Every structure is written in structure tokens, then in C-alpha cells.
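Colleague:
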Amino acid sequence: MDPDSSVHWGAYPALYVAVAFAIGVFGNSVFEGVPFSFWLGGAGAGLALFAGMQWWDRTRLVTLAPLGRVLAAIVVVGCAGGARHSVHQEPSPRGLAPAAEASDDAVAVQGIVENAPERTDEATRFVLAVNTLFGARDTAAVEGRVRVTLKPSPWANTVPSFPRLRQGDVTRLRGSLRRPPGLRNPGGFDYAAYLSRRGICCTLYVDAPDRVAVLGDRRGRVQNALVFLRAHVRRQVDRYVPSTGGRAVLRALLLGDRSRITDAQRARFAKTGLMHLLAVSGLHVFLVGMVLYALLRPFLLRLRLRWRTAEVVRAVIMATLFIGGIFFQRSAHSLNTLGVAALVLLAVRPPMLFDVGFQLSMAAVSGIVTLNPRFLEMVPDRYRTSEALDWVLSTGTTSAAAILGTAPVLLYHFGWVSVAGLLLNMVGIPCTGLALTSAIATVAVGGLWPTAAASFGSAADVFLQGLLATSRYGAAWFSWAGIRMATPDLWELTALGAGLIAVAQWPRPRLRWRWIVIGGLFMTASVWGPVVGGGTAPTLDIVFFDVGQGDAALLKTPSDHHVLIDAGPRSPNGATAEFAVLPFLRRWGIRRLDLVVVSHSDEDHLGGLPTLLQAVRVDRVVHNGRSVDTDLYGQTRRLLRRNGVSRQAAHRGDTLQMDSSIRAEVLSPSGRSTLATENNASVVLRVEYGDVNILLPGDIEKAIEQNLVRTYGEKLLGHVVKVPHHGSETSSRPSFVRSASDSTQTHAVVSVGHSSRYGMPNARVIRRWGREARQVHSTADRGAVWMRTDGKEVWRLQWQ
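Residue 516 in our numbering sits at position 101 of the sequence shown, and the numbers go up by one each step.
(1) Going by Cα to Cα distance, which pick from G1022, S1016, T1045 and A968 is closest to S1008?
(2) With C-beta atoms as the reference, is A437 less than 8 Å away from G754?
(3) What are the start and end residues of each continuous beta strand (DSSP E) run of 3 or more residues lying completely inside the stretch 647-686, in chain order?
(4) Contact check, P578 vs P624 under 8 Å by CB: the rounded distance?
(5) Would you grab the beta carbon distance between I1077 and L955 for me? Rounded to a whole angstrom, and I think it's under 8 Å.
(6) Just the Cα atoms here: how many angstroms apart are A679 and T1126?
(7) How would you write the range of the beta strand (DSSP E) that S591 sits in, first residue to last?
(8) At what residue ranges does the stretch 492-563 contain a whole run of the beta strand (DSSP E), taking only runs of 3 or more?
(9) If you draw a straight line from the alpha carbon of V783 to that of S833, how long is it in whole angstroms?
(10) Based on the DSSP output, what are the partners of D956 in its beta bridges?
(11) In terms of residue numbering, what span does the alpha helix (DSSP H) encompassing R899 cover?
(12) Using only the alpha-carbon positions, how far apart do A884 and L669 sit?
(13) How big is the Cα-Cα spacing for M1175 and S1143?
(14) Name the two residues that bound the continuous alpha helix (DSSP H) containing G913.
(15) Assign V731 to one of three DSSP states: helix, strand, or coil.
(16) Which of helix, strand or coil does DSSP assign to H1192?
(17) Check whether the stretch 785-802 touches the stretch 829-849, taking contact to mean three or more Cβ pairs, one atom from each stretch, closer than 8 Å.
(18) Helix, strand or coil, according to DSSP, for E1080 in the structure here?
(19) Report all residues from its chain with a CB closer than 8 Å to the CB of E558; omit the five preceding and five following residues, and keep chain order.
(20) Using the DSSP secondary-structure output, state which residues sit across from L366 in a beta bridge.
(21) Quick check on this structure: which residue in R789, Y827, D584 and V763 has the alpha carbon closest to the alpha carbon of W1003?
(22) With 16 other CB atoms within 10 Å as the buried threshold, where does G590 fall?
(23) Is S986 helix, strand or coil when you go by DSSP?
(24) Look at the Cβ atom of D961, then the Cβ atom of A1199, and state whether they are nearer than 8 Å.
(25) With a 10 Å radius around its C-beta and 16 neighbouring C-beta atoms as the bar for buried, classify D981 as buried or exposed.
(26) Using the Cα positions of A555 and V522, report the straight-line distance between them to the nearest angstrom.
(27) Are V1036 and R1062 touching if we call contact CB-CB under 8 Å?
(28) Quick one: Cα of P1112 to Cα of V1135, how far?
(29) Is the stretch 835-854 touching the stretch 869-883 in the sense that three or more CB pairs, one from each, lie closer than 8 Å?
(30) Judging by CA-CA distance, which residue of S1146, G1168 and G1133 is the nearest neighbour of T1161?
(31) DSSP has N1039 in a bridge; who is on the other side?
(32) Looking at the structure shown, is I1115 part of a helix, part of a strand, or coil, going by DSSP?
(33) Ordered along the chain, which non-local residues of its own chain (more than five positions away) have a Cβ less than 6 Å from that of G442?
(34) Where does Q638 fall in DSSP's three states?
(35) With burial defined as no fewer than 16 other Cβ atoms inside 10 Å of the residue's Cβ, what is the status of G1128: buried or exposed?
(36) Determine contact between the stretch 625-640 and the stretch 845-854, defined as no fewer than three beta-carbon pairs at a distance below 8 Å.
Structural data, given as C-alpha cells:
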């Protein structure tokens, strides 16, 4: 057997060095308070240990000095990683972030446009390297990178035209400077962490063209050439590629500009395991590089191009190391080369370790290098009798290796791995390669030979339509083909990783069985861990989503039924349910809502329902029985009729069927509430599970609160109570608060926006609940509030 055909883990020092460095970076991120001096001292101790092992090795015939030297090297490299991350995370004394936290009004900043702006019909987005902050009285030199959005106000009567910016422009902007929001809802997107990993501290929103001023540019010759080249590529693509979808995908492939890819297209590519084809990955860099190398080799050898896009940097570094080893005829194994690439990337930007793209790139290459040879060995020689058949088999095994290699990463971050990609990539990858080749030819001859450019552009569009059709039909036919993990289970993921290593080590029986045993132990721990910890009792969960100024709460019953109470608000920018509720449903694999209760028809409660009706199956809707004359209400009714959703008006005394172990009673409105205001017509629910009660009163105000106190008295007591009307002073009268809460048991939850322009929650109301309840939770503080009960006790689940 070829000694290089199997993975011998002891022969890859560069890989071990990269892993040790990554452990140091991870350690510094977990223990944020560890000073730089600690890592420096640790590195010194490691060097001293290494020197001691060297001395011991010379004075003894048989020693453990080699093992000691390895441990010392790991300590030194790990401490180097921790120190590098510590230095990278050290805030600049001239940082821009404090200004964003202190500013409530619009501020003016000046800087250089760092990347090529992404333009859509609605907005222009780019990164600005800020160097000057203009205050009310003085001007300060600052440092910081800002994600800028130029977008007209949704309430503007006309749509203004913003100046067309280019990379390298010196620009002065005036707008709202803010720290980006972090993770506010389980299953959602941590925008602050995403930007932080890219060295971006703040966001700037500019809503009018007169707040944008271009003062000049600071582009050198190379950057001017890059700007010209991007503009040329965009012009040729727009001119010669016929379809809108083809142009959008080609911009993503050639320029890394995914701004025109629709959300539906992204979702289909993600479901089918084809999402990697939309990234600026090593595949694209390789194809483009080979064509340019053949055409422009003398010039490319003399050019130094500066790229800012993280995906391109990662792909170029990895491609350079892999191809460079071949070019210089070095025999370094791919895993060693991969280790060097990871080490270089982490040394330049340590937070890249936590970037999903970085993790997927490393996992995919590792899977291909270690697993693909094993899969090829399993294929009998009689199936490899022709080049075409051999190509099909190689494509399939490579795709399988990449899917399995990235499975732990995908399951951890997204809870889903598409097995359909194993088949669909065999069509998608050739379509992508042929489309890229045709597109490069289009760009090359576009300004010289229009007829040929049109032919190449049409050919590229045909292949792109094939790629889009693959994702579309794949999502329709194979959306079930995958592995889902609702919540990341580190025991199971580690067991999966150990199993993959065992496959990679298959030709080495001793190592193979060692990893199989390790994987079995981790799997056993994942099965018995909850039993030993007592976590097997059935529970009722209620998640109060952070939807800003509005209400949306999801009940998850012990029998895995799902009930949504209200759907959050809608604004000109869209429904918050799309960013708060739907990501949770997708992350936990919830495709059906058994019941939706709309407490009343105000926009901050009903606004997200049309979005949900178009995304998931809804079996039944319960409402207060009142019709209102609004576009939102009319649109919702039409969608309910079109989807055949059962509707029911709720009245006092009704019982809603949710789960055999749960009793849900309607306390309001009564049949005599026809003259009540919309808030006072809210559906009020009391959900009982075991000895625990949950009270959900919608937006009721003083009159209905008093009516409920007179009618139910102590029966209003809730262990979890949603504070009525977002903590408004028009609700939460003292008598109601006393009846609904107990200072030793009740968790009061306020669903409210972080900076409500309505003055909610009222400070006196919150103090009133604080005196009467055990604890008051607010979605404005840290995002969604997730409560869990086993029917006896109630506790808050820490999901962040």
C-alpha cells in the first residue's frame, strides 16, 4: 500500500501546531479576563520545560524527554495563540465603539471605502475605515471599521438617489452610529459577533443623499486597476448574460457579491447542500486562476494584489500553499499544508477561528484529504473501467467526504446537514465550473468581440439555469434527505468526529479500533447523561421572543405540539417574525404550528402572521372575534382562506385543545365586551400544566383587569405572567398585580422593545411587579426569555 494513501496522524507537525495555536485562541476567548502577561509567562514556562527535557535527554539513556518536548512545544504554541488573540482583542485607545455607545443622535464620520459597495434596488452597503469623528464642538481622530448602509427612510415620499461610491473613495457621512445587535433570539443570527470577527465594531445607517459627501479618493494604481476590473466584469455580465437569476449567481461566483441572490434562492441552496457553490471558494479561485495564469502569466508574476474579502483571503492562502507545494515539487502532505494555512490565517486574524466559513473550509478539506481515499478504496476496480465512470465515482466520493467532514460543523451551527448534496453536487459542481469558464471567456472578449461575448454569456446562463434548477428541484424533492439536530449535543458531535477519524484510520487496525471505542464512549455519555442528570422529565416550554415593541410567544408542549400566541409586529422593513420566530422554528425543525392565538388585531400582535402563514403550516387560528378595517387584517384573512386554516372566535369559559396534559382556558373577552377597545378585547389565556399556571393577558387595560380580579380572584395567580400591554401605565393596576403574582413563585415577563418611543415599560409599573413577583424579566435586556417547567417548578433557561 502507498504509505501516503492512509492518514498517519503522528507525521503532521504543522497540523498539530495549528491545533495548539487554535486551542490558545479558544482559551483566551473563553477566559476573557486572562491578561497578556499570563500567556507570556506560560510561553516562558513551556520554553523552560523544553530546555529541561533537552538536558534530561542528554543525561539519561532511557527517558520520556521526547514526550516532554512535545508537551512543551504544545504549551508554547498554545500560549502564543492566546497571546495573539489577547493583543488582537485589545481595544484601541482611539476606538470608535465608545462613541457609538454614547451617541443617541446622528453623528458625522469620515473615512475610506474599504471594499467594493454592494448595491441592490433598496440599499447600498460597504465597509468604511473611519479615521475622523466630527462632534458637536470638536473633531477627533479615531480608529474603527463601520458597516455602512445607505438606504432611504421607509417613510420617505420619494426614493432619492445616493452618490455612486467606489472602493478607495474618501467619504464623509452623517447618520445613526450604533453598536450592532447581538444574539437576541434562540436560533437567530448573532450580527454583532459576525461583524466583530471581521474587525467591524459598529453600523452606520444613512437615510438621505445630502448626508453623503465624496471628498476624493486614495487609490493606488493596483487598486484603481481592481476597481476598473470589477466594473468591467459587472458591465459584461449585465450586458451578455440574459437572465436576472443568472446574472445574480454569476456576480456571486465572480465578484463575491451575493446581494442580488434572493432569500428563497439562498434557502434552496442551503437545503440541498449546494450553498458552498455561491461562496468565493477555492474552487472558483482555482478555475479563475488557471485561466488567468494561462493568458496573463508574465504580468501576474509581477503584480501584488491586495484583497480584503475574508473568503478570498482564505481561498487564496490555501490555494497558494497547495499549488505552491506542487510547483516547487515539495512532498508535504495535504494535512501539513492545511495546518500551515490555518496557522497563517489565525495569526493574521485570530477571531477567524469562530467564523463558520473558516470552520467549513478546514473541515471540508480535511474530510476530502482523509476520507476520500478510504471511499475510493471501497469501490471495486470493475466499476472504474472508463474515465467517465471514474470521474463520476470520484465526484461522488469527494462530495461524500466533504459532506461528512463538514457535518459536525453544520450540525453545531445550523442543526441540519443535507445528504441530498451527495447527489446534487455531481450536477451542481460541473454546472458551476462550466458557467465560470464561459463567464471568464465572456469577460475576456466582451469589449472586443460582442458576438462571441454574447455566445459565451448565453452558454454561461444555460449552465447557471442548470445550477438553479438543481437547487430548485432538489429542495422540492429531497428536502427530507438530511440529518437534523435541534440543539447542539457536544457528546454526539464528538462521537461523530471520532467515528470519522476511525474511518480515516481504517487501514491501521489499532488506531481504528481505538477511535471506535472513543466514539462509543462519547455516544454512551450522550445517551446516559440526561438520565443521570435527571433531565428526562417531560417539560412545558414557553419562549417569549424579542420582537421589539410587540408580542410573540411559543408554547412547546410535552407531546411536542406547538402553540404560538401572537406573531409580533410588522413595519415597512418587514415582519420581525421573519428574523425572530422563523429562525427558531427552522432551527428546531418545527414545520407545523398546531394552534396560533391572536390576542387582538393590532399590528404589533398580528403583523407577523402573514409571513408565518407563507412559511409554515398552521392548523388553527383562535382570535377575539372582532373585525378591523386594515390592510393587514384583510391580507391575513385572505391567506387564512387560501390555506384552508380553521378559524375560531374565543370567549370566556372556552377551553382550547393543546395537549392531553395541558388545560388552556380563555378568561376574556366575555360575550358582553363588544364595545370594548381593541386592547381590552384581547384574548386572555390561562395555561395549566401540573401545579404550574401561565397567565397570558395580551394588552388588556385597567377596566378588564378589574373585571378579571372580581371574576377570578386568586385563580389569576400565575407562576409565569406576561406583563399586560408591554408594561404600559394604562395597565398593571395594583389589585391585578397582587392577584396575578406571588413574591416567592411568579416570574413576570415584559415583552418590549429596547428603546420604545411609547415610553414602555413604565418605571412605576416595573417596580410594582418587582415588589409582588419573584423576578421580572424583560426581552429588552438580553433578548428572548425562555421559561421551562416540569409541572412543579419553573426556571429560566439560559440559551445564549
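Glycine included, every Cβ here is placed at the ideal spot set by N, Cα and C. Being a predicted model, the structure only gives us computed values, none of them experimental.
Modeller: To lay it out plainly:
(1) Walking along the sequence shown from the start, residue 1008 turns up at place 593. As written in the sequence, residue 1008 is Leu, which differs from the Ser given in the question. Ranking the options by Cα distance to L1008, first place goes to A968.
(2) Looking up residue 437 in the sequence shown gives position 22. Looking up residue 754 in the sequence shown gives position 339. In this structure, A437 keeps its C-beta atom at 8 Å or more from the C-beta atom of G754.
(3) As far as the stretch 647-686 is concerned, it has no whole beta strand (DSSP E) run of at least 3 residues.
(4) In the sequence shown, residue 578 corresponds to position 163, counting from 1. In the sequence shown, residue 624 corresponds to position 209, counting from 1. Indeed they touch by this definition, with Cβ atoms about 7 Å apart.
(5) Position 662 of the sequence shown, counting from 1, holds the residue named residue 1077. Position 540 of the sequence shown, counting from 1, holds the residue named residue 955. In this structure, I1077 and L955 form a Cβ contact; the two beta carbons are roughly 7 Å apart against a cut-off of 8 Å.
(6) Position 264 of the sequence shown holds residue 679. Position 711 of the sequence shown holds residue 1126. CA-CA distance, A679 to T1126, rounds to 50 Å.
(7) The residue given as residue 591 occupies position 176 in the sequence shown. Note, S591: beta strand (DSSP E), D584 to R593.
(8) Scanning the stretch 492-563 for uninterrupted beta strand (DSSP E) segments of 3 residues or longer gives 522-528 and 539-549, listed from N- to C-terminal end.
(9) If you number the sequence shown from 1, residue 783 lands on position 368. If you number the sequence shown from 1, residue 833 lands on position 418. Note that residue 783 is Ile in the sequence shown, not Val. Distance between the alpha carbons of I783 and S833 is about 17 Å.
(10) Sequence index remark: in the sequence shown, residue 956 carries index 541 (1-based). The partner list for D956 (beta bridge, DSSP) reads K971 and R1203.
(11) Position 484 of the sequence shown holds residue 899. First-last for R899: G897 to R899, but that is the beta strand (DSSP E), not the alpha helix (DSSP H).
(12) For the purposes of this step, residue 884 is identified with residue 469 of the sequence shown, where counting begins at 1. For the purposes of this step, residue 669 is identified with residue 254 of the sequence shown, where counting begins at 1. When the Cα atoms are used, A884 and L669 turn out to be separated by approximately 20 Å.
(13) As a position in the sequence shown, residue 1175 is number 760, starting the count at 1. As a position in the sequence shown, residue 1143 is number 728, starting the count at 1. Spanning the two alpha carbons is a distance of roughly 6 Å.
(14) The residue labelled residue 913 in the question sits at position 498 within the sequence shown. One detail in the question is off: residue 913 reads as Ala in this sequence, not Gly. Note, A913: alpha helix (DSSP H), L905 to A919.
(15) Working through the sequence shown from its first residue, we reach residue 731 at position 316. Only weak support exists for where V731 lies, its pLDDT of 49 falling under 50; the value from the coordinates is given anyway. When DSSP states are grouped into helix, strand and coil, V731 belongs to the helix group.
(16) Numbered from its first residue, the sequence shown carries residue 1192 at position 777. Three-state DSSP puts H1192 in a strand.
(17) The stretch 785-802 and the stretch 829-849 do not touch, with fewer than 3 CB-CB distances between them shorter than 8 Å.
(18) Here residue 1080 is taken as the residue at index 665 of the sequence shown, counted from 1. The answer is strand: DSSP assigns E1080 an E or B state.
(19) Position 143 of the sequence shown, counted from the start, is the residue given in the question as residue 558. For E558, where only same-chain residues beyond five positions count, the Cβ hits under 8 Å are S507, R509, G510, L511, V545 and N546.
(20) A question about residue 366 goes unanswered here, because the residues of the chain that appear run from 416 up to 1215.
(21) Reading the sequence shown from its first residue, position 588 is the one you call residue 1003. Looking at R789, Y827, D584 and V763, the one whose alpha-carbon comes closest to that of W1003 is Y827.
(22) Here residue 590 is taken as the residue at index 175 of the sequence shown, counted from 1. The residue is buried, with at least 16 neighbouring Cβ atoms inside 10 Å.
(23) On the sequence shown, residue 986 is found 571 positions in, with the first residue counted as 1. In the three-state scheme derived from DSSP, where H, G and I count as helix and E and B as strand, S986 is classed as strand.
(24) Numbered from its first residue, the sequence shown carries residue 961 at position 546. Numbered from its first residue, the sequence shown carries residue 1199 at position 784. A contact, by the Cβ cut-off of 8 Å.
(25) As a position in the sequence shown, residue 981 is number 566, starting the count at 1. A residue is called buried when at least 16 other Cβ atoms come within 10 angstroms of its Cβ; D981 meets this threshold and is buried.
(26) What you label residue 555 is simply residue 140 of the sequence shown in a count that begins at 1. What you label residue 522 is simply residue 107 of the sequence shown in a count that begins at 1. Distance between the alpha carbons of A555 and V522: 12 Å.
(27) Here residue 1036 corresponds to residue number 621 of the sequence shown, with the count starting at 1. Here residue 1062 corresponds to residue number 647 of the sequence shown, with the count starting at 1. Between V1036 and R1062, the CB-CB gap stays under 8 Å.
(28) Stepping through the sequence shown from its first residue, residue 1112 is reached at position 697. Stepping through the sequence shown from its first residue, residue 1135 is reached at position 720. Across the structure, P1112 and V1135 are spaced so that their CA atoms are roughly 11 Å apart.
(29) These segments touch.
(30) Counting from 1 along the sequence shown, the entry for residue 1161 is found at position 746. A check of alpha carbon separations from T1161 across S1146, G1168 and G1133 identifies G1133 as the nearest.
(31) To locate residue 1039, count along the sequence shown from 1; it is residue 624. None, per the DSSP bridge assignment.
(32) Indexing the sequence shown from 1 puts residue 1115 at position 700. In this structure, DSSP gives I1115 a state outside helix and strand, which the three-state scheme calls coil.
(33) To locate residue 442, count along the sequence shown from 1; it is residue 27. Only G497 meet the Cβ criterion.
(34) One-based indexing of the sequence shown puts residue 638 at position 223. In the structure shown, the three-state DSSP call for Q638 is helix.
(35) The count along the sequence shown starts at 1 and reaches residue 1128 at position 713. Exposed.
(36) No, the stretch 625-640 does not touch the stretch 845-854.
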